[in-house]
Each structure stands twice: as structure tokens, then as C-alpha cells.
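Worksheet for the structure shown next.
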Amino acid sequence: AKTMVTTTLSAGTGAVTTLFIGSLMQGKVDGAYVLKLGDANNGVLAGLVAITAPCSTCEPYGAFIIGFGAAFVYLGSNALLTACKIDDVVSAIPVHGFCG
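In this note's numbering, the protein residues as written are 11 to 110.
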């Protein structure tokens, strides 16, 4: 049961954090912040990839911290790849390469 809790917490935290921080990083569009569902989806994946190894050994508060950190790792690595002009349409490298 603990594994299910930690996995779900990390995924959910990654999604929410990526959704809102990604919106703040991308700035306003027509005077308002835009929430992108693609960011939330990749945030879920980032949280899941990051929690895979320690899911059965960490506490729920640790899963929250891991999901929160994974969101920033994903957003930072995605920005890095964009700055380096590396095309990764589905953001597989930031999710699996950097968050893993």
C-alpha cells in the first residue's frame, strides 16, 4: 500500500508543480497565464520516473519532495534542450534521461 501512496503522491506533485511553474516560466499570453495540459502530462511522467527506484523505501513526504524536484528537473532540462536547439518533440530526454 505504501508503494501505491508514494507513487501517486510523486506523480500528482510532479503534475501540479510542472503545470503552474511551467506557466510562470512561459510568461503571459495576451495578458494572462496559460496552463498547458502537455506540461501536466509530462510532469506526471517526470514524477513517476523519479520515484521508480525509491517508491517502496521512501516515506510519503519524501515522495512529495521527489515529485516537486522532478518537476524542476524536467522544466530545466527541457529549457536546456530548447536553448541548445535539440529537437525532442515528446520530451522523452528530459523525462526519462534527466529525471531518471
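Just so it is clear, CB atoms sit at the ideal spot from N, CA and C, and this is done for glycine as well.
With the cut-off set at 7 Å, would you say residue i and residue j are in Cβ contact?
i   : j   : result
G53 : T28 : yes
H11 : A50 : In the sequence as presented, His is not what sits at residue 11; that position holds Ala. No.
Am I right that residue i and residue j are in contact with their C-beta atoms under 8 Å? What's the rounded C-beta distance?
i    : j   : result
C109 : A56 : 4 Å
I31  : L90 : Not a contact, Cβ separation roughly 15 Å.
G77  : G22 : 7 Å
Which residues in the same chain have their Cβ closer than 8 Å to the Cβ of residue i, if we skip the five residues on either side of it in sequence?
i   : result
E69 : T16
M35 : L85, A89
S20 : G57, L58, A60, I61, C65, A73, F74, I76, G77, A80
Put residue i into one of helix, strand or coil per three-state DSSP.
i   : result
A11 : coil
G72 : helix
Going by beta carbon distance, what residues of the same chain come within less than 7 Å of residue i, once the five residues before and after it are set aside?
i   : result
V39 : none
Y71 : none
Give every residue of the same chain whose Cβ lies closer than 6 Å to the Cβ of residue i, excluding the five residues on either side of it in the sequence, and list them in chain order.
i   : result
T92 : none
Could you tell me if the beta carbon of residue i falls within a distance shorter than 6 Å of some heavy atom in the ligand COA?
i   : result
A25 : Among the components of this structure there are no ligands whatsoever, and the ligand COA is therefore not found.
Which parts of the region 14-68 are runs of the alpha helix (DSSP H), unbroken and 4 residues or longer, counting only runs that do not cross its ends?
Counting whole runs of 4 or more residues, the region 14-68 contains the alpha helix (DSSP H) stretches 47-61.
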